[in-house]
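Residue numbers (my numbering), protein chains in the order written: chain G, 1 to 206; chain V, 207 to 367.
Yeah, the Cβ is synthetic: ideal placement off N, Cα and C, and Gly gets one too.
Accompanying notes for the structure given below.
Rendered as structure tokens:
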């Protein structure tokens with residue numbers, strides 16, 4: 001099997017990711033909506049292929065503070081994944097979940113961070129089960145890790161991961177919400193050997 | 207009036223007094239600066255990975271410690287710095303997420319910092335200040351008028367080295 005690089009990424013793979021984004025975001029929306037007890041809508045996700053070194057500024061200015069939730073994935077494929085929320089979206093979700101006024105603005109305490117981790121966990125599991133379903137591969141996530149820091153700092157992690165194989169990175173953007181739309185960004189980072197496994201499982205030639 | 211020169215990820219540039227050179231939000235990457243206090247010339251590279259020789263695709267030299275530091279040295283010398291007077295300062299190399307360490311993402315920050323120390327030793331340039339590791343992002347600035355190295359992090363006091 002030849003080594004896969006994102007330079008060779010084709011439209012079909014982007015379509016696959018878009019579909020993954022669709023199903024994953026659908027699962028996530030259902031889960032969050034039952035957790036919050038609200039009806040939530042979502043938009044069709046956007047898949048973006050961009051230069052790894054531009055990742056730091058692709059969501060917002062490099063020094064804007066965002067929330068990053070990071071999980072390792074294992075079993076049939078190895079790698080990691082990340083879910084990113086802008087601060088206002090994260091704040092909104094936490095307020096909803098903790099039953100506070102949605103306008104509340106305060107620094108996250110331990111309890112809030114724990115709630116965010118749980119949201120990240122649910123969202124990550126939603127995407128992973130979509131990927132698992134599409135590929136028939138067993139994919140197990142680790143516990144979630146969270147970081148609230150500058151966008152460029154958090155995004156250096158996927159940028160480096162992608163940077164090891166080439167110069168491009170893939171990002172799935174999903175919008176979901178009710179009266180307030182939440183922008184979430186999902187990044188899947190399989191180890192190089194696992195790309196081949198995913199593509200083969202999907203019936204795509206590498 | 208001093209200007210502020212921005213260095214992106216996998217990028218490098220030089221800077222002369224009274225200007226300031228900066229890079230925003232270093233995570234596991236390293237921001238390395240050179241500074242000649244007499245000529246008041248400096249420069250900064252923001253690299254992502256420790257070693258270009260292990261990569262198939264290594265066309266962007268500012269992406270790697272080895273090639274990036276070489277290129278930065280060449281550029282500051284060309285701008286009038288003297289190698290014997292150069293001092294280096296580094297920041298970054300954080301471990302943004304407390305992962306278990308089975309993947310090579312876990313310790314990339316640390317490997318990036320080690321790569322800087324080794325490269326500087328090989329080039330015989332003094333490393334006079336270092337703020338690396340831990341688990342938070344850093345915005346750094348090199349003030350070419352004074353040689354001061356500013357490190358800003360979320361919820362932490364400004365550090366000047």
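- Using a Cβ distance threshold of 7 Å, residue 278(V) and residue 315(V) do not count as a contacting pair.
- Three or more Cβ pairs closer than 8 Å define a contact, and the segment 187-195 of chain G meets that threshold against the segment 153-168 of chain G.
- In this structure, the alpha-carbon of residue 236(V) lies about 30 Å from that of residue 89(G).
- Against chain G, the beta carbon of residue 234(V) has neighbours under 7 Å at 156, 157, 160, listed in chain order.
- A direct Cα-to-Cα measurement between residue 59(G) and residue 151(G) gives close to 8 Å.
- Within its own chain, the residues whose Cβ lies closer than 6 Å to the Cβ of residue 80(G), once the five positions on either side in sequence are excluded, are 72, 189, listed in chain order.
- Rounded to whole angstroms, the separation of the alpha carbons of residue 288(V) and residue 331(V) is 11 Å.
- Against residue 111(G), chain V offers no close residue; the least beta-carbon distance is about 18 Å (beta-carbon pairs closer than 8 Å).
- In the three-state DSSP reduction, residue 18(G) falls in the helix class (H, G or I).
- Interface flag for residue 203(G) against chain V is unset, since no Cβ pair is found closer than 7 Å.
- Taking every protein chain shown into account, the CB of residue 131(G) has 16 or more other CB atoms within 10 angstroms, so this residue is buried.
- Of the residues 128(G), 156(G), 175(G), the one whose Cα lies closest to the Cα of residue 75(G) is 128(G).
- Residue contact check for residue 228(V) against chain G: no CB pair falls below 7 Å.
- Residue environment analysis places residue 213(V) among the buried positions, since at least 16 neighbouring C-beta atoms fall within 10 angstroms of its C-beta.
- In this structure, residue 139(G) sits away from residue 31(G), with a CB-CB distance that is not shorter than 7 Å.
- It is roughly 12 Å from the alpha-carbon of residue 264(V) to the alpha-carbon of residue 253(V).
- The C-beta of residue 328(V) has fewer than 16 other C-beta atoms within 10 Å across all chains shown, which makes the residue exposed.
- Annotated three-state conformation of residue 318(V) is helix, per DSSP.
- At least 7 Å separates the beta-carbon of residue 119(G) from that of residue 137(G).
- Residue 319(V) and residue 115(G) have their alpha carbons spaced roughly 33 Å apart.
- Rounded to the nearest whole angstrom, the C-alpha separation of residue 106(G) and residue 100(G) is 11 Å.
- Between residue 320(V) and chain G, the shortest Cβ-Cβ separation is not below 7 Å.
- For a cut-off of 8 Å, the C-beta gap from residue 148(G) to residue 65(G) is around 6 Å, short enough to register as a contact.
- Within the segment 20-86 of chain G, the complete beta strand (DSSP E) segments at least 3 residues long are 46-51, 65-75, 79-86, listed from N- to C-terminus.
- With a threshold of 7 Å between beta carbons, residue 62(G) makes contact with chain V.
- Annotation: the continuous beta strand (DSSP E) that includes residue 210(V) extends over 210-212.
- In the same chain as residue 230(V), and ignoring 5 residues on each side of it, the C-beta atoms closer than 8 Å to its own belong to 212, 345, in chain order.
- Contact annotation: residue 268(V) and residue 217(V) have beta-carbon atoms nearer than 7 Å.
- In this structure the segment 36-49 of chain G lies against the segment 170-177 of chain G, because at least three pairs of beta carbons, one per stretch, are closer than 8 Å.
- Pairing residue 293(V) with residue 334(V), the inter-Cα distance amounts to about 6 Å.
- Collapsing the DSSP output to three states places residue 287(V) in coil.
- Taken atom to atom, the span from the alpha-carbon of residue 108(G) to that of residue 347(V) is near 28 Å.
- The alpha carbon of residue 69(G) has as its nearest neighbour, out of 303(V), 283(V), 284(V), the alpha carbon of 303(V).
- For residue 238(V) against residue 275(V), the beta-carbon gap comes to about 6 Å, under 8 Å, which counts as contact.
- Listed in chain order, the positions of the segment 281-296 of chain V with a beta carbon within less than 7 Å of a beta carbon of chain G would be empty, since no residue qualifies.
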